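Participant:
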Amino acid sequence: MTSILWLRRDLRRADHPALAAAHSDGDVLPVFVLDPAIYDSAGAVRQAWLARSLRALHDSYDGRLCLRHGKPEQVIPELAKEVGATAVHVSTETEPDGALRDKRVRAALADHQIAWVETGSPYAVTPGRVRNAQGHPYRVFTPFSRAWREHGWRGPSVEPKRLSFATAESDDTAWATLDDAATADGLPDLPEPGERAAMQRWHDFLDDGLAHYAADRDRPDRDGTSRLSPYLKFGVVHPRTLLADLVGRSAKGADRYGTELAWREFYADVLHHNPDSLWHDLRGDLGAIAYDDDPDLIEAWRQGRTGYPFVDAGLRQLLAMGWMHNRVRMVTASFLAKDLHVWWPAGAKHFLNHLIDGDLASNNHGWQWVAGTGTDAAPYFRVFNPVTQGQKFDPDGSYVRRWVPELRHLDGADAHEPWQQPDGYAHDYPQRIVDHAEQRREALDRLAAAKAG
DNA sequence: TTTTGAGTTGTTCGA
DNA sequence: GTCGAACAACTCAAA
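All residue numbers for the first sequence refer to the numbering used here, where the first residue is 7 and numbers rise by one.
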């Protein structure tokens, strides 16, 4: 018997339940489908990262990965017929578009009496499984995370020792497309692709980073995070693998890291139950908030030319690295939503376009949290101050100086307030495009007005 | 069923 | 400089 292992957000070989399931069916044909509907919507950085990750995946599957280009609902059934596969194995996809796509593929396969088998998902607990006592999904993080931990998860899946592969020709033009993307001009330095690099990074982090994680994770001027998000994005490493390694480590850092993984699972769960919340307010009942749409201000924000050093540093880091520190994601998002009064999807799209780790659920629900339209009925008055956030989390200004060369002549925390320095604008750093205190009041007024209206 | 208390990530003001 | 209170009202989990 031959079965197809259709890989999507599970580009690995280790700890892979769907692979184990396919293996137990007989010969395995590992396949990736380059679907223009998804691929074309990714920015150059994530395309390059996907391309390099797929090359690494091809290697880890002994050069047996079959790459095809096209619509999965056509490609997968055709390929199944071509190789005489009797089943298609996948990890469950829970993101809205992917879930719909799978429904179409599944229907097409059913027409040919080919089985569709879902085993595992990109999450330790598949979205939809964690429920409260009434059987309802959670919409508040803390109770979710408690229930999520209590629910527990399987141990890592044992990798089949000797895989027996089926083979099929790859689409050479698809590989060419990927190779072009992988080597495109102007790409930032990207992480080393592949499972081995991911695990190397993880073990380095366990050895050197975990002990200080709880404190350092909020410091963009330090290398305090695991930087595994690009690998988690495509399932090069599975969170279950990481959680298993954290067991028995009593340090605060281990607990905290587990909590951060729980956030990823929480937002996936929320999105699973509310697919429309991907691009629309989760809480549509808040009343109509008045938004602005000034293209010049939005473009200044995109380019990191707002005149607020911490904000600009983050936005420039995003363009330069394809990555931004989490703390700064919140601050820059707050600036767009609260200081420029722009509806969050514009910012979420910009992030997704440039982030190497751009994850739909985490990104868009993170934005909704900042905008106040998402989960967490948090106080409406939570508006980040871009200056004090910088002073607090980048106390000697080194993060700002790294990404904003116009401010490198300013010492220490002076870099956060060039307007306080006689030579603050000596190197053409832009003036502030809005007054934060004024716009904070404006944002609060608009929320109050929306409520009253 | 009703009630109670908590809710990632903040800021400002005044003592 | 430090610290606590105030900043809405609401949702939701749990007792």
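From the three backbone atoms N, C-alpha and C, an ideal C-beta is built for every residue, glycine too.
As the structure is a computational prediction, the values presented were derived from the model and not from experiment.
#1: Between which two residues does the alpha helix (DSSP H) harbouring F38 extend?
#2: I need the DSSP call for V146, collapsed to helix, strand or coil.
#3: The beta strand (DSSP E) with H442 in it runs from where to where?
#4: Straight-line CA distance for T381 to W269?
#5: Of all the options W350, F357, A180, which has the alpha carbon lying nearest to the alpha carbon of G320?
#6: What are the boundary residues of the beta strand (DSSP E) that H75 is part of?
#7: Enumerated in chain order, which unbroken segments of the alpha helix (DSSP H) with a length of 4 residues or greater are wholly contained in the segment 163-192?
#8: Can you tell me where the alpha helix (DSSP H) with I82 in it begins and where it stops?
#9: Name the two residues that bound the continuous beta strand (DSSP E) containing H95.
#10: Can you tell me which residues form a DSSP beta bridge with V123?
#11: DSSP state of W12, grouped into three classes?
#12: Tell me which residues share the same chain as A27 and place their Cβ nearer than 7 Å to its Cβ, disregarding the 5 neighbours each side in the sequence.
#13: Which residue wins for smallest C-alpha separation from H447, given the options R388, A421, G259?
#14: Considering Cα atoms alone, identify which of S127, Q426, L115, W181 is closest to T92.
#15: Which residue marks the beginning of the alpha helix (DSSP H) containing K344, and which one marks its end?
#16: Taking one C-beta from the segment 28-39 and one from the segment 141-151 each time, how about it: are there three or more such pairs within less than 8 Å?
#17: Going by DSSP in three states, P133 sits in which element: helix, strand or coil?
#18: With burial defined as no fewer than 16 other Cβ atoms inside 10 Å of the residue's Cβ, what is the status of T394: buried or exposed?
#19: Do you know offhand how far D325's Cα is from R74's?
#20: Assuming E271 and Y129 make a contact with CB atoms under 8 Å, what is their CB distance in whole Å?
#21: As an exercise, report each continuous alpha helix (DSSP H) stretch of at least 4 residues that is fully enclosed by the segment 193-268, in chain order.
#22: Judging by CA-CA distance, which residue of A187, T173, A172 is the nearest neighbour of T179?
#23: With G161 and A24 assumed to form a contact (beta carbons below 8 Å), what rounded beta-carbon distance in angstroms separates them?
#24: Comparing C-alpha positions only, which one of G396, I10, A62 sits nearest to T173?
#25: Which first and last residues belong to the alpha helix (DSSP H) in which L115 is found?
#26: When you compare only the Cα positions, how much space is there between V410 and Y263?
#27: Check the C-beta distance from E201 over to V242 and give it rounded, since I have them as a contact under 8 Å.
#28: Around the C-beta of A182, are 16 or more other C-beta atoms found within 10 angstroms, so that it is buried, or is it exposed?
#29: Could you tell me the distance, in whole angstroms, from the CA atom of A257 to the CA atom of S283?
#30: Apart from the five residues on each side of it in sequence, which residues of its chain come closer than 7 Å, Cβ to Cβ, to R70?
#31: Tell me the DSSP secondary structure of R19 in three-state form.
#32: Alpha carbon to alpha carbon, how far is S127 from L60?
#33: Taking only three categories from DSSP, how would you classify H64?
#34: Going by DSSP in three states, S283 sits in which element: helix, strand or coil?
#35: Just verifying my parser: in three-state terms, what is the DSSP assignment at D363?
Facilitator: In this structure, then:
#1: Counting along the chain, F38 falls outside any alpha helix (DSSP H), though it belongs to the beta strand (DSSP E) covering 33-40.
#2: Correct three-state label for V146: coil.
#3: First-last for H442: 442-458, but that is the alpha helix (DSSP H), not the beta strand (DSSP E).
#4: In a straight line, the C-alpha of T381 is about 12 Å away from that of W269.
#5: Looking at the Cα atoms, F357 is the closest of the given residues.
#6: That run of the beta strand (DSSP E) goes 72-75.
#7: For the segment 163-192, whole alpha helix (DSSP H) runs of length 4 or above, ordered along the chain, are 178-188.
#8: Bounds of the alpha helix (DSSP H) holding I82 are 78-89.
#9: Run containing H95: 93-96, per the beta strand (DSSP E) assignment.
#10: DSSP lists H95 as partners of V123.
#11: Note: W12 maps to strand in three-state DSSP.
#12: If the five residues before and after A27 are omitted, its C-beta is found closer than 7 Å to the C-beta atoms of H95, V123, T125, all from its own chain and listed in chain order.
#13: Strictly speaking, residue 447 in this sequence is Arg, with His absent from that position. Checking every option, the nearest Cα to that of R447 belongs to R388.
#14: Per the Cα distances, L115.
#15: Here K344 belongs to no alpha helix (DSSP H), and DSSP marks it neither H nor E.
#16: No, because fewer than three Cβ pairs between the segment 28-39 and the segment 141-151 fall closer than 8 Å, the two stretches do not touch.
#17: If DSSP states are grouped into helix, strand and coil, P133 belongs with coil.
#18: Result: exposed.
#19: First, the amino acid is wrong: residue 325 is Leu here, not Asp. One C-alpha to the other measures close to 30 Å.
#20: The beta-carbon distance between E271 and Y129, rounded to whole angstroms, is 5 Å. This is short enough to meet the 8 Å contact definition.
#21: Unbroken alpha helix (DSSP H) stretches of 4 residues or longer found wholly inside the segment 193-268: 201-214, 216-222, 235-239, 245-252, given in chain order.
#22: The shortest C-alpha separation from T179 is found at A187.
#23: Rounded to whole angstroms, the Cβ separation of G161 and A24 is 16 Å, and the two are not in contact under 8 Å.
#24: Looking only at G396, I10, A62, the smallest Cα-Cα distance to T173 is reached by I10.
#25: First-last of the alpha helix (DSSP H) with L115: 102-116.
#26: Our two residues, V410 and Y263, have alpha carbons roughly 30 Å apart in a direct line.
#27: Taking 8 Å as the upper bound for CB-CB distance, E201 and V242 are in contact here, some 6 Å apart.
#28: With fewer than 16 Cβ atoms within 10 Å of its Cβ, A182 is classed as exposed.
#29: When rounded, the separation of the alpha-carbon atoms in A257 and S283 is 36 Å.
#30: The beta carbon of R70 is closer than 7 Å to those of P36, F171, T173 in its chain, skipping five residues each way along the sequence.
#31: In the displayed model, R19 falls within coil according to three-state DSSP, outside both helix and strand.
#32: Approximately 19 Å between the Cα atoms of the pair.
#33: Of the three classes helix, strand and coil, the one that applies to H64 here is helix, per DSSP.
#34: The answer is helix: DSSP assigns S283 an H, G or I state.
#35: In this structure, DSSP gives D363 a state outside helix and strand, which the three-state scheme calls coil.
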